[in-house]
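Enquirer: Take 21 as the starting number for the sequence shown in my numbering and just add one per residue.
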Amino acid sequence: MIKNLDAKRRNDELLLFQKWSPFFLFTFTSFDPTYPFVVKDFSEKIRRIMDSGLGSGDTPIFPRDGYFKKEIRDALQKSIMREGKLKLDIGLRKRIMLEVAGVSMPIMTWSTVQREFASLLLGLFWLLPSAKVSKKQGVNWVIVEEPEAGLHPLAIRDVFFTIVELLSRNYRVLLSTHSSGIIELVWAINEIVSHPEATADKKRKLLLDLFELKTTTNTNKLIKDFENKKLVVNYFKPTEAGVVTEDISSLDPGSDKKSVSEWGGLVEFTSKTNEIVAQLWR
Numbered sequence: 021m022i023k024n025l026d027a028k029r030r031n032d033e034l035l036l037f038q039k040w041s042p043f044f045l046f047t048f049t050s051f052d053p054t055y056p057f058v059v060k061d062f063s064e065k066i067r068r069i070m071d072s073g074l075g076s077g078d079t080p081i082f083p084r085d086g087y088f089k090k091e092i093r094d095a096l097q098k099s100i101m102r103e104g105k106l107k108l109d110i111g112l113r114k115r116i117m118l119e120v121a122g123v124s125m126p127i128m129t130w131s132t133v134q135r136e137f138a139s140l141l142l143g144l145f146w147l148l149p150s151a152k153v154s155k156k157q158g159v160n161w162v163i164v165e166e167p168e169a170g171l172h173p174l175a176i177r178d179v180f181f182t183i184v185e186l187l188s189r190n191y192r193v194l195l196s197t198h199s200s201g202i203i204e205l206v207w208a209i210n211e212i213v214s215h216p217e218a219t220a221d222k223k224r225k226l227l228l229d230l231f232e233l234k235t236t237t238n239t240n241k242l243i244k245d246f247e248n249k250k251l252v253v254n255y256f257k258p259t260e261a262g263v264v265t266e267d268i269s270s271l272d273p274g275s276d277k278k279s280v281s282e283w284g285g286l287v288e289f290t291s292k293t294n295e296i297v298a299q300l301w302r
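Spelled out as structure tokens, the structure:
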């Protein structure tokens with residue numbers, strides 16, 4: 021899949037490699053030729069952001085006014101960065117450091133979650149350069165690989181809210197995941213938005229409650245923009261003939277099709293475990 025995207029890459033596509041950690045900010049030409057184009061292109065874009073002044077001086081890279089809505093910044097700061105600040109260290113090489121309680125720590129001392137989330141965070145900076153700019157010109161698709169990256173379920177929810185921000189700015193997002201937490205969010209959102217009897221105000225309140233957000237001008241706009249978006253879930257199902265895709269967007273727990281009721285196998289083990297333990301009382 022990645023090779024096909026690389027070979028057929030269009031100007032309106034951006035691939036964010038969640039597993040790539042920004043140890044240093046490499047130029048496009050400094051990579052070995054064997055690296056995929058998307059990795060080199062991503063690193064070059066981030067390097068240009070840093071060269072433009074992001075993170076210079078006393079202002080941290082994150083959190084930073086103008087990048088993300090305040091509610092998103094606060095949530096990510098609390099659940100992932102743990103009140104730490106990302107700063108740019110300029111020496112023989114430019115390095116991104118995490119400052120906690122006045123102590124600057126190199127990337128190898130960060131938690132795995134913080135390291136892996138940093139690349140997604142910087143990619144989002146490029147896509148969402150300012151609250152005054154709705155969308156990056158020429159980019160229509162954003163591809164995000166496994167944003168869960170070992171996150172706690174509540175942190176997964178906060179990261180997913182950045183996806184909501186992308187959708188609200190009219191990006192089309194293709195997201196791959198093995199997290200039942202993300203699928204559960206999609207299921208809840210679809211259930212709330214498509215409910216035939218709930219009023220628009222009630223739906224918005226429930227969506228805000230889902231993300232534990234207060235009612236503000238920013239959050240109301242995000243939720244309102246999000247209401248008209250369509251969330252589709254496809255299961256890449258392994259078969260003897262190869263991998264086939266199946267639309268399981270209903271995510272109906274009561275469906276007769278196991279691929280739908282077990283969310284593409286993501287809750288299969290949980291269901292089996294519950295059934296086994298329940299036998300103790302039979």
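All C-beta atoms, glycine included, are put in the ideal place defined by N, C-alpha and C.
Keep in mind the model is a prediction, meaning the values are calculated, not measured.
Under 6 Å Cβ to Cβ from E33, same chain only, skipping five residues before and after it: list those, please.
Expert: Note that E33 scores 46 on pLDDT, short of 50, meaning its location in the model is unreliable and no value can be drawn from it.
Enquirer: Can the beta-carbon of T265 be found closer than 7 Å to that of N254?
Expert: It is a contact, given that the beta carbons lie within the stated cut-off.
Enquirer: Check P167 in the structure and name its three-state DSSP category.
Expert: coil
Enquirer: Does the pairing of the stretch 192-205 with the stretch 277-287 give three or more beta-carbon distances under 8 Å?
Expert: yes
Enquirer: By alpha-carbon positions, which one of V120, L141, G158, H172 ends up nearest to V164?
Expert: L141
Enquirer: Would you tell me roughly how many angstroms separate the C-alpha atoms of K278 and V263, rounded to the nearest one?
Expert: 17 Å
Enquirer: For E295, which residues in the same chain have their Cβ closer than 8 Å to its Cβ, ignoring the five residues on either side in sequence?
Expert: none
Enquirer: For N290, I'd like the list of residues in its chain whose CB is within less than 8 Å of its CB, leaving aside the five on either flank, ordered along the chain.
Expert: The amino acid occupying residue 290 in the given sequence is Thr; Asn does not appear at that position. Answer for T290: S200, listed in chain order.
Enquirer: Classify D267 as helix, strand or coil using the three-state DSSP reduction.
Expert: strand
Enquirer: Between the C-alpha atoms of P80 and V120, what's the straight-line distance to the nearest angstrom?
Expert: 12 Å
Enquirer: Nearest-angstrom Cα distance between D245 and L233?
Expert: So the alpha carbons of these two residues sit roughly 16 Å apart.
Enquirer: Under 7 Å, do L228 and A208 count as touching if we go by C-beta distance?
Expert: no
Enquirer: Could you pull the DSSP bridge partners for L105 from this structure?
Expert: The residue you asked about is not Leu; residue 105 is Lys in the sequence shown. Answer is E119, bridged to K105.
Enquirer: Using the three-state DSSP reduction, which class does V179 fall into: helix, strand or coil?
Expert: helix
Enquirer: Going by DSSP, what residue range makes up the alpha helix (DSSP H) through K223?
Expert: 220-230
Enquirer: Using 7 Å as the threshold, is the C-beta distance between A218 and S99 below it?
Expert: no
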